[in-house]
Amino acid sequence: MCKDNRQNLEFVNIFITSTIKLFLDDTRIRNFTSCFKDKKFLAFFFKRLKKNNTGRYVEHFPYVSLCGPERNFIRCDDLPIVFTKVLKVYNSATKKTEDCFGYAHAEELLMVPFQPDKIYMDIQSGRIYHPAPEKAGGIGLVRSQIAIELSLLFNFEKGEENGPTHIFWENRKYTLDCNWYKDKVPQAIR
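Pasting the structure below:
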């Protein structure tokens with residue numbers, strides 16, 4: 138990734154699986170031992186993640202993470218942001234505990250406010266999505282394990298074939314916003 142400048146590397150290709158494991162793109166055997174696991178590195182990498190607007194390799198690598206002069210071109214199973222944990226975080230400004238959605242297995246370092254009304258389930262794939270940082274496309278995939286837990290909280294007032302209409306989160310019923318995702322990463326869910 139962030140190599141010594143003396144090596145004069147211009148880019149590294151990265152692959153991100155839907156279970157949010159980060160690999161060098163040419164890694165043949167992709168498992169826990171060959172993926173990047175250091176939380177500080179993952180936070181560094183994902184904070185620099187954005188849509189690839191460099192004009193290079195855009196078709197095959199739709200995302201990039203810039204590290205000084207090095208460009209890490211990224212492709213993924215679905216989306217580069219995968220939410221991995223719901224956290225309770227104390228907000229010292231409001232003096233309240235709030236729900237946040239952590240991502241990339243660096244939850245304490247990478248999180249966004251959890252918005253239950255913005256959960257979207259693609260009825261074709263069954264995958265569940267949530268708003269993510271805008272520079273990374275504004276939409277992220279919810280990890281399968283959490284998606285299963287969330288799906289138990291869904292209400293389908295228009296029938297299961299039409300997707301959920303509501304979610305019950307912490308003793309409150311939220312109407313799901315069915316429009317927020319429509320202008321987000323087009324290849325993700327259309």
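For the sequence shown, the numbering used here gives the first residue as 138, with consecutive numbering after it.
Ideal placement from N, C-alpha and C gives every residue a C-beta, glycine not left out.
Because the structure is a prediction, the values reported are computed rather than measured.
Unbroken alpha helix (DSSP H) run spanning residue i, endpoints
{"i": "leucine 351", "result": "No statement about residue 351 is possible, as the shown extent of the chain runs from 138 to 327 and does not include it."}
{"i": "isoleucine 285", "result": "281-288"}
Within-7 Å CB hit, residue i to chain D
{"i": "lysine 176", "result": "Protein chains in the displayed structure number just one, and chain D is not present."}
Sub-7 Å separation of residue i and residue j beta-carbons
{"i": "leucine 224", "j": "glycine 239", "result": "yes"}
{"i": "lysine 319", "j": "glycine 275", "result": "no"}
{"i": "proline 217", "j": "leucine 247", "result": "no"}
{"i": "valine 219", "j": "leucine 278", "result": "yes"}
{"i": "tyrosine 311", "j": "aspartate 254", "result": "yes"}
{"i": "alanine 269", "j": "phenylalanine 183", "result": "no"}
{"i": "threonine 302", "j": "leucine 313", "result": "yes"}
In DSSP terms, what residue i is bridged to
{"i": "serine 202", "result": "Leu186 and Asn209"}
{"i": "phenylalanine 293", "result": "For phenylalanine 293, which the question treats as bridged, DSSP gives no partner whatsoever."}
{"i": "cysteine 237", "result": "Leu224 and Pro250"}
{"i": "leucine 278", "result": "Val219 and Tyr266"}
{"i": "histidine 303", "result": "Asn292 and Thr312"}
{"i": "tyrosine 257", "result": "Tyr266"}
Nearest neighbour of residue i, chosen from the options [CA to CA]
{"i": "histidine 197", "options": "Thr191, Ile211, Lys184 and Lys222", "result": "Ile211"}
{"i": "leucine 179", "options": "Gly192, Glu245, Gly296 and Lys295", "result": "Glu245"}
{"i": "glutamate 307", "options": "Tyr194, Asn190, Gln252 and Phe181", "result": "Gln252"}
{"i": "alanine 273", "options": "Gln282, Leu287 and Leu203", "result": "Leu203"}
{"i": "glutamate 297", "options": "Phe181, Ser281 and Gln261", "result": "Gln261"}
{"i": "cysteine 213", "options": "Phe305, Lys177 and Asn189", "result": "Asn189"}
{"i": "glycine 263", "options": "Glu286, Thr234 and Tyr227", "result": "Glu286"}
{"i": "threonine 295", "options": "Ala284, Ile283, Gln282 and Cys315", "result": "Inspection of the sequence shows that residue 295 is occupied by lysine rather than by threonine. Answer by Cα proximity: Cys315."}
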